[in-house]
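Visitor: Submitted below is the structure of interest, expressed as structure tokens.
2 protein chains.
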Amino acid sequence: MTKEKKSALQEKGGVSISEITNRKSIENLKQKRKVKLDAKTLLTDILQGDVAALSRGITLVESVNSKHIAIGNKLLKTCLPYANKSIRIGITGVPGVGKSTFIEAFGKHLTSQGKRVAVLAIDPTSSITKGSILGDKTRMEALVKDENAFIRPSPSGHSLGGVARKTRESIVLCEAAGFDIIIIETVGVGQSETTVHSMVDFFLLLKLSGAGDELQGIKRGIIEMADAIVINKADGDNEKKAKFAANEFSRALKLYPEKESKWSPKVSVCSALNHVGITLIWSMITDYICVTTKNGHFDIKRQKQNKFWLIQTIESQLKSDFFNQPKIKKALESQLILIENNHTTPFAAAEFLLKLKA
Amino acid sequence: MTKEKKSALQEKGGVSISEITNRKSIENLKQKRKVKLDAKTLLTDILQGDVAALSRGITLVESVNSKHIAIGNKLLKTCLPYANKSIRIGITGVPGVGKSTFIEAFGKHLTSQGKRVAVLAIDPTSSITKGSILGDKTRMEALVKDENAFIRPSPSGHSLGGVARKTRESIVLCEAAGFDIIIIETVGVGQSETTVHSMVDFFLLLKLSGAGDELQGIKRGIIEMADAIVINKADGDNEKKAKFAANEFSRALKLYPEKESKWSPKVSVCSALNHVGITLIWSMITDYICVTTKNGHFDIKRQKQNKFWLIQTIESQLKSDFFNQPKIKKALESQLILIENNHTTPFAAAEFLLKLKA
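Heads up: the protein sequence lines correspond to chains A and B, in order.
First residue of the first sequence: 1, per the numbering used here; consecutive thereafter.
First residue of the second sequence: 1, per the numbering used here; consecutive thereafter.
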């Protein structure tokens with residue numbers, strides 16, 4: 001047997017077939033294995049909450065193999081009527097802020113209330129070998145063992161767009177499998193927070209208390225996106241500092257214009273390690289769901305997100321179709337030099353390039 | 001003679017030609033008039049600082065007539081080597097903040113120092129009859145009379161993109177005409193601040209002191225763009241409130257991450273009406289120019305802006321080429337309904353639409 005296993009969908013090398021093996025039964029076995037990848041069977045299993053089937057489904061959705069993609073798309077389509085029923089929570093924070101510890105404490109709190117929790121991740125830097133799953137699985141030990149929890153690492157992919165799409169589609173499958181809460185975690189590389197923000201109902205920013213100047217160094221635009229800022233590691237000597245930081249953030253948040261959802265972002269402290277403050281955070285999120293369901297914004301936001309993904313996917317395809325043409329690449333370079341030397345305007349250069357379009 | 005004059009480039013109706021008129025001399029006259037619209041002559045006149053020629057040049061650039069556009073493009077191209085030499089300042093603020101009074105006081109201060117000042121505007125809501133020129137010309141009386149000042153209203157156009165392009169190109173002509181300072185004013189409708197921000201070196205936000213909660217109601221993203229916030233109408237009873245507001249803003253600005261330019265946005269108070277605080281604002285801007293010229297960011301920013309306009313123009317053309325196809329419009333509507341009813345995903349819908357592409 002080969003030791004390396006690149007994908008759950010890949011057949012193992014296996015032992016060589018001896019002459020006395022019943023070839024027919026092998027065919028049967030192969031047929032049976034194939035059946036497992038049949039969209040209809042997978043759907044039935046997923047709808048029953050079968051986590052193994054869910055895993056296989058997500059693997060299909062994440063695949064680059066065209067056959068698998070076709071089955072994945074079929075599966076997605078049939079799962080859609082059962083989707084849309086969870087609460088989607090985005091969680092971000094710099095490395096070291098205690099995201100895994102927080103998600104474990106938060107997830108355990110939810111499963112103890114009978115909820116089923118799925119944890120997905122968006123990490124555009126992850127690869128199959130160097131994914132966040134290993135880290136998460138060791139760090140979220142209690143949640144991994146919890147039968148009401150499902151943890152899935154970030155799909156690997158070259159572009160954030162690709163990773164995002166796979167995660168967005170995995171949400172559909174998790175919802176069809178009956179998960180009540182979907183947590184999407186991100187490490188905050190590049191535009192990944194914006195990406196997560198555009199696929200969740202509630203966006204939570206995890207922070208640490210710092211040296212007093214709390215908002216310095218926060219990435220541009222993150223505060224505007226946050227529905228809550230939670231200062232983690234509010235334990236021991238840190239507790240006082242954390243409360244001070246919370247005040248600072250509360251003050252800062254007031255300076256921002258009101259959100260369309262009419263929700264005023266909240267600030268909270270917690271110690272994920274000691275499981276302190278977790279209940280409050282969950283009650284804050286249920287408040288949010290109440291407020292936005294009542295004023296209609298919950299559904300409006302999801303519709304807007306769907307439209308965003310539709311337009312976004314089209315636009316990025318149109319752009320890459322254009323800018324990836326070798327002749328455009330070459331001409332763009334020379335036009336930029338002409339602009340730099342004041343020999344053409346950006347508008348004249350744009351017209352020139354558009355005329356080259358295939 | 002017709003009373004209405006839709007464009008400076010349009011021939012007037014004129015009186016009917018009597019039989020005794022020398023037809024040859026009329027031809028000569030017409031020829032002479034045509035010559036005025038010749039790019040080469042215009043260039044010569046503009047380079048000599050001829051404001052009438054500059055006006056005509058801008059009218060050509062703003063025209064929708066294809067002949068005029070052709071001459072305008074030629075003129076632009078020949079003006080380019082003489083462009084790029086001014087300081088471009090963007091000024092925004094809600095109606096009532098005193099933009100015109102400020103620009104007049106500021107402009108007069110600059111001309112009194114021997115500078116030549118051009119004031120352009122971006123107002124996507126303006127039209128030929130309802131432009132901001134009438135307002136500006138009455139409000140900026142002293143500046144209008146100043147021979148070192150040139151005031152031009154917002155070009156009319158249906159889209160912000162169109163208006164922006166015309167203004168961006170007018171800057172080139174103003175610079176070729178030897179203007180040292182180009183002020184671009186905007187009323188702040190829609191995305192117009194972002195548009196102005198992407199064509200200026202320095203972006204100034206005019207504010208009034210309010211009821212204490214100064215940052216409430218400021219449009220998202222404006223603060224991040226500002227290189228300076230100036231509290232106007234700091235006169236009489238307002239002076240104290242204005243200083244309080246300035247403190248509030250200073251505090252808030254510290255909460256934002258450092259700008260690429262390494263420039264920390266400044267807060268200042270002024271009374272444009274009483275010409276108080278204007279000198280300080282100008283010295284703040286010259287400081288900015290010093291700092292960013294020294295660290296290279298002044299040129300980097302302009303290069304980035306040029307690239308932005310190039311890519312922006314291409315992308316918006318690609319999008320409008322796609323989304324304006326009648327069959328795409330129709331299919332988009334039905335795909336959105338399918339998404340809304342959970343019958344398709346945004347990604348599958350995007351693929352479907354892209355396949356319809358002409």
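Just so you know, even glycine gets a beta-carbon here, dropped at the ideal spot from N, CA and C.
(1) In chain A, what lies closer than 7 Å to Gln-191/B by C-beta?
(2) So Glu-340/B contacts chain A; which residues on that side make the cut at Cβ distance below 8 Å?
(3) Going along chain B in order, which residues have a C-beta closer than 8 Å to the C-beta of Lys-319/A?
(4) Does the beta carbon of His-343/A come closer than 8 Å to any beta carbon on chain B?
(5) With 8 Å as the threshold, decide whether the Cβ of Ile-69/B is near any Cβ in chain A.
(6) Taking CB distances under 8 Å as the criterion, tell me whether Leu-120/A reaches chain B.
(7) Beta-carbon separation of Pro-124/A and Val-64/A under 8 Å?
(8) Got a sec: which bits of the stretch 82-103 of chain A sit with their beta carbon under 7 Å from any beta carbon on chain B, in order along the chain?
(9) Please classify Lys-166/A as buried or exposed, where buried requires at least 16 other C-beta atoms within 10 Å of its C-beta.
(10) Taking C-beta pairs closer than 7 Å, name the residues in chain B that Val-346/A reaches, listed in chain order.
(11) Does the count of Cβ pairs from the stretch 275-283 of chain A and the stretch 97-110 of chain A closer than 8 Å reach three?
(12) Under 8 Å, Cβ to Cβ, is there at least one residue of chain A near Gly-131/B?
(13) Return yes when the Cβ of Trp-263/B is within less than 8 Å of the Cβ of Pro-346/A, no when it is not.
(14) Interface residues of chain B around Leu-76/A at Cβ under 8 Å?
(15) Just to make sure I have the definition right: I need the residues of chain C whose C-beta is within less than 8 Å of the C-beta of Val-172/A. Which are they?
(16) According to the neighbour-count rule (16 or more other Cβ atoms, all chains shown, within 10 Å of its Cβ), is Ile-289/A buried or exposed?
(17) The stretch 242-259 of chain B: which residues have C-beta closer than 7 Å to a C-beta of chain A, in chain order?
(18) Which bits of chain B does Glu-169/A rub up against, with CB to CB less than 8 Å?
(19) Consider the Cβ of Asn-232/B: report whether some Cβ of chain A lies at a distance smaller than 8 Å.
(20) Apart from the five residues just before and just after Ala-177/B, which ones in its own chain have a Cβ nearer than 6 Å to its Cβ?
(21) Closer than 8 Å, CB to CB, is Leu-356/A near chain B or not?
(22) Could one say the Cβ of Gln-335/A lies closer than 8 Å to chain B's Cβ atoms, at least one of them?
(23) List the whole-angstrom C-beta distance separating Ile-91/B from Leu-204/B, where the pair is believed to meet the contact cut-off of C-beta under 8 Å.
(24) Examine chain A for any beta-carbon lying closer than 8 Å to the beta-carbon of Phe-298/B, and answer yes or no.
(25) With burial defined as no fewer than 16 other Cβ atoms inside 10 Å of the residue's Cβ, what is the status of Leu-134/A: buried or exposed?
(26) Name the chain A residues whose beta carbon is nearer than 8 Å to that of Leu-80/B?
(27) Taking C-alpha atoms, which residue in His-343/A, Glu-260/A, Ile-285/A lies nearest to Lys-304/A?
(28) Going straight from the alpha carbon of Asp-235/A to that of His-275/A, what length do you get?
(29) Give the residues of chain A in contact with Arg-116/B, contact being defined as C-beta atoms less than 9 Å apart.
(30) Go ahead and label Arg-23/A buried or exposed: buried means 16 or more other beta carbons lie within 10 angstroms of its beta carbon, across all protein chains shown.
(31) Check whether the Cβ atoms of Lys-319/A and Leu-318/B lie closer than 8 Å to each other.
(32) What's the call for Gly-93/A, buried or exposed, on a 16-neighbour Cβ count within 10 Å?
(33) Can you name, in chain order, every residue of its own chain whose Cβ lies under 6 Å from the Cβ of Gln-113/A, other than the five neighbours on each side?
(34) To the nearest angstrom, how far is the alpha carbon of Gly-98/B from that of Ile-181/A?
(35) Does the distance from the C-beta atom of Ile-89/B to that of Phe-244/B stay below 8 Å?
(36) I need the straight-line Cα distance from Lys-266/B to Val-291/B, nearest angstrom please.
Guide: Let me spell this out:
(1) Start at 1 with the first residue of the second sequence, and residue 191/B comes out as number 191. Under the 7 Å cutoff, chain A gives no residues; its nearest Cβ is about 16 Å from Gln-191/B.
(2) Locating residue 340/B in the second sequence gives position 340, counting from the first residue. The answer, in chain order, is Gln-303, Asn-306.
(3) Your numbering for residue 319/A matches position 319 in the first sequence. By Cβ distance, chain B contributes Glu-315, Leu-318.
(4) Indexing the first sequence from 1 puts residue 343/A at position 343. Yes, because at least one Cβ of chain B sits closer than 8 Å to the Cβ of His-343/A.
(5) Position 69 of the second sequence holds residue 69/B. With its beta carbon at least 8 Å from every one in chain A, Ile-69/B lies outside the interface.
(6) Translated into the one-based positions of the first sequence, residue 120/A becomes position 120. Closer than 8 Å: no.
(7) Within the first sequence, the letter at position 124 stands for residue 124/A. Within the first sequence, the letter at position 64 stands for residue 64/A. Between Pro-124/A and Val-64/A, the gap from beta carbon to beta carbon reaches 8 Å or more.
(8) Cβ contacts with chain B: Ala-83, Asn-84.
(9) As a first step, residue 166/A is located in the first sequence; it is residue number 166 there, counting from the start. Within a 10 Å sphere around the beta-carbon of Lys-166/A sit 16 or more other beta-carbons, which makes this residue buried.
(10) Position 346 of the first sequence holds residue 346/A. The residue you asked about is not Val; residue 346/A is Pro in the sequence shown. Going along chain B in sequence order, the residues near Pro-346/A (Cβ under 7 Å) are Asn-306, Trp-309, Leu-310, Thr-313.
(11) Yes, since at least three Cβ pairs between the stretch 275-283 of chain A and the stretch 97-110 of chain A fall closer than 8 Å, the two stretches touch.
(12) Residue numbering aside, residue 131/B sits at position 131 when the second sequence is read from its first letter. Because Gly-131/B carries a pLDDT of 42, less than 50, the predicted location of this residue cannot be relied on, and no value is offered for it.
(13) Translated into the one-based positions of the first sequence, residue 346/A becomes position 346. Translated into the one-based positions of the second sequence, residue 263/B becomes position 263. Taking the C-beta atoms as reference points, Trp-263/B is found no nearer than 8 Å to Pro-346/A.
(14) To locate residue 76/A, count along the first sequence from 1; it is residue 76. For Leu-76/A, the residues of chain B that pass the 8 Å Cβ criterion are Thr-345, Ala-348, in the order they occur in the chain.
(15) In summary, chain C is missing from the structure at hand, where the protein chains are A and B.
(16) Walking along the first sequence from the start, residue 289/A turns up at place 289. When all chains shown are included, Ile-289/A counts as exposed.
(17) Only Ala-252, Leu-255, Pro-257 from the stretch 242-259 of chain B bring a Cβ to less than 7 Å from some Cβ of chain A.
(18) Counted from its first residue, the first sequence places residue 169/A at position 169. Ordered by position in chain B, the residues that pass the 8 Å Cβ test against Glu-169/A are Thr-345, Phe-347.
(19) The residue given as residue 232/B occupies position 232 in the second sequence. Chain A has no Cβ within less than 8 Å of the Cβ of Asn-232/B.
(20) Counting from 1 along the second sequence, the entry for residue 177/B is found at position 177. Hits under 6 Å: Ile-46, Gly-49, Leu-54.
(21) Here the question's residue 356/A lines up with position 356 in the first sequence. Against chain B, the CB of Leu-356/A has no partner CB under 8 Å away; the residue lies outside that interface.
(22) To locate residue 335/A, count along the first sequence from 1; it is residue 335. Chain B contact via Cβ: present.
(23) Here residue 91/B is taken as the residue at index 91 of the second sequence, counted from 1. Here residue 204/B is taken as the residue at index 204 of the second sequence, counted from 1. Their Cβ separation, rounded to whole angstroms, is 5 Å, which keeps Ile-91/B and Leu-204/B in contact under 8 Å.
(24) For the purposes of this step, residue 298/B is identified with residue 298 of the second sequence, where counting begins at 1. No - not a single Cβ of chain A is within 8 Å of the one on Phe-298/B.
(25) In the first sequence, residue 134/A corresponds to position 134, counting from 1. Its pLDDT being 39, under 50, Leu-134/A is placed unreliably in this model, and the coordinates cannot settle the point.
(26) Locating residue 80/B in the second sequence gives position 80, where the first residue counts as 1. In chain order: Asn-342, His-343, Thr-344, Thr-345.
(27) Here residue 304/A refers to the residue found at position 304 when the first sequence is read from its first residue. Relative to Lys-304/A, the option among His-343/A, Glu-260/A, Ile-285/A whose CA is nearest is Glu-260/A.
(28) Translated into positions along the first sequence, residue 235/A becomes position 235. Translated into positions along the first sequence, residue 275/A becomes position 275. For Asp-235/A and His-275/A, the distance between alpha carbons rounds to 10 Å.
(29) Numbered from 1 along the second sequence, position 116 holds the residue referred to as residue 116/B. Under the 9 Å cutoff, chain A gives no residues; its nearest Cβ is about 20 Å from Arg-116/B.
(30) Taking the first residue of the first sequence as position 1, residue 23/A is located at position 23. Under the 10 Å beta carbon count, Arg-23/A is surrounded by fewer than 16 other beta carbons and is classified as exposed.
(31) The sequence position of residue 319/A within the first sequence is 319, counting from 1. The sequence position of residue 318/B within the second sequence is 318, counting from 1. Contact: yes.
(32) Position 93 of the first sequence, counted from the start, is the residue given in the question as residue 93/A. With 16 or more other Cβ atoms within 10 Å, it is buried.
(33) Taking the first sequence and counting its residues from 1, the one referred to as residue 113/A is at position 113. Closer than 6 Å at Cβ, skipping near neighbours: no residue.
(34) Numbered from 1 along the second sequence, position 98 holds the residue referred to as residue 98/B. Numbered from 1 along the first sequence, position 181 holds the residue referred to as residue 181/A. Rounded to whole angstroms, the gap between the alpha carbons of Gly-98/B and Ile-181/A is 51 Å.
(35) Along the second sequence, one-based indexing puts residue 89/B at 89. Along the second sequence, one-based indexing puts residue 244/B at 244. Contact flag unset, no.
(36) Locating residue 266/B in the second sequence gives position 266, where the first residue counts as 1. Locating residue 291/B in the second sequence gives position 291, where the first residue counts as 1. C-alpha of Lys-266/B to C-alpha of Val-291/B: approximately 13 Å in a straight line.
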